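Residues 31 to 241, numbered by my numbering, are exactly what the sequence shown covers, in order.
Built from N, CA and C at the ideal position, the CB exists for glycine as well.
Because the structure is a prediction, the values reported are computed rather than measured.
Here's the structure we're looking at; comments come further down.
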Amino acid sequence: RHAKHVPHFHKIRNVWESSHYYDFGIERVFRLFLVTSKIFFPGIYFEYLSKNSSNHQREITGELYVVFKTIFPFVILYYSLWDHSWLYFLNIYLLIETFVYVFNKIFLPEHNQYKTHNRSLILLFFNFIEVIAGFAVIYAAGNFLNRPVASWLDALYFSLITGATVGYGDLHPISDNGKLVVMLQIVSTLSFLILFFNYFAPRAQDIGDGN
31 RHAKHVPHFH KIRNVWESSH YYDFGIERVF RLFLVTSKIF FPGIYFEYLS KNSSNHQREI
91 TGELYVVFKT IFPFVILYYS LWDHSWLYFL NIYLLIETFV YVFNKIFLPE HNQYKTHNRS
151 LILLFFNFIE VIAGFAVIYA AGNFLNRPVA SWLDALYFSL ITGATVGYGD LHPISDNGKL
211 VVMLQIVSTL SFLILFFNYF APRAQDIGDG N
């Protein structure tokens, strides 16, 4: 089935008029904030530029952008480029876009109804890897931990065990800013878990009803 391209401003109007939702007050304002905030990031414009393409071409364009965002922080880490301010802030900017995307998927799932579950889960996995690497760049660039980050692998290691909510104690934040970054990353992990279960809960229910 081919998905019909819906202009993003039409989606914003749908949220404002509550045509797809039975909400009001702060919940509607939050949904409106989420759907509107996407206009400040490149992803929505890649979708717009490919609006006249076929559904498969639009999906491939979106997937290539996700892959780029996943590879980008790894390049910064591998070549120790985290001291370049513009790369550091671009990394944060793309991380924020990913968070906006995740929360849109949680609170505005109707805007992604044509995507298959398997494809969405694969893209979600790439997003999670991007977040792990993106936070690793932040840890590498800042003086947040009990000892200096000696290599990109140390930064990636600490980010991964933090994102997995494991924590072995060999590396830990000592500054207030470091603690805030760690808390933010843990919140991001919880967001991914919520989204993951949002995907599987309806499918599990369908399987149960089929039995």
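Can you tell me whether residue 131 is buried or exposed? The criterion is at least 16 other CB atoms within 10 Å of its CB, across all chains shown.
Flag for residue 131 reads buried.
Can you check whether the CB of residue 42 is closer than 9 Å to the CB of residue 59?
Not in contact: residue 59 and residue 42 (Cβ atoms no closer than 9 Å).
Under the three-state reduction of DSSP, which class applies to residue 153: helix, strand or coil?
Helix.
By how many angstroms is the C-alpha of residue 182 removed from the C-alpha of residue 110?
The alpha-carbon atoms of residue 110 and residue 182 are separated by roughly 7 Å.
Note the first and the last residue of the continuous alpha helix (DSSP H) segment covering residue 118.
That run of the alpha helix (DSSP H) goes 115-137.
Which residues bound the alpha helix (DSSP H) around residue 88?
Where residue 88 is concerned, the enclosing alpha helix (DSSP H) stretches over 85-108.
Between 112, 56, 148, which has its C-alpha nearest residue 167's C-alpha?
With distances taken between Cα atoms, residue 167 lies closest to 112.
Using 8 Å for Cβ pairs, my map puts residue 91 next to residue 76. What's the rounded Cβ distance?
Yes, residue 91 and residue 76 are in contact; Cβ-Cβ is about 6 Å, under 8 Å.
Measure the CB-CB distance between residue 170 and residue 107 and report whether it falls below 9 Å.
Contact: yes.
Hey, out of 204, 87, 126, 220, whose CA is closest to residue 172's CA?
Residue 172 has its Cα closest to that of 204, out of 204, 87, 126, 220.
Kindly indicate the opening and closing residues of the alpha helix (DSSP H) around residue 66.
Residues 55-67.
How would you write the range of the alpha helix (DSSP H) that residue 200 sits in, first residue to last?
Note, residue 200: premise wrong, no alpha helix (DSSP H); not H, not E.
Starting from residue 192 and walking both ways along the alpha helix (DSSP H), at which residues does that stretch end?
Here the alpha helix (DSSP H) through residue 192 covers 182-193.
When the Cα of residue 149 is compared with those of 178, 56, 61, 226, which residue comes out closest?
That would be 226, whose Cα lies nearest to the Cα of residue 149.
On the criterion of 16 or more Cβ atoms from any shown chain inside 10 Å, does residue 97 qualify as buried, or is it exposed?
Exposed, since its Cβ has fewer than 16 Cβ neighbours within 10 Å.
Leaving out five residues before and five after residue 162 in sequence, what residues of the same chain have Cβ atoms less than 6 Å from its Cβ?
For residue 162, where only same-chain residues beyond five positions count, the Cβ hits under 6 Å are 189, 190, 193.
With distance defined between alpha-carbon atoms, name the residue in 126, 134, 129 nearest to residue 45.
Ranking 126, 134, 129 by Cα distance to residue 45 puts 134 first.
Determine the direct distance from the alpha carbon of residue 180 to that of residue 215, and round the result to whole angstroms.
Looking at the two C-alpha atoms, the distance is approximately 21 Å.
Report yes if the CB atom of residue 68 is closer than 9 Å to the CB atom of residue 38, and no otherwise.
Closer than 9 Å, so yes.
Given a threshold of 16 other Cβ atoms within 10 Å of its Cβ, counted over all protein chains shown, does residue 220 qualify as buried or as exposed?
Per the 10 Å Cβ criterion, exposed.
For residue 159, I'd like the list of residues in its chain whose CB is within less than 8 Å of its CB, leaving aside the five on either flank, ordered along the chain.
So the qualifying residues of the chain are 100.
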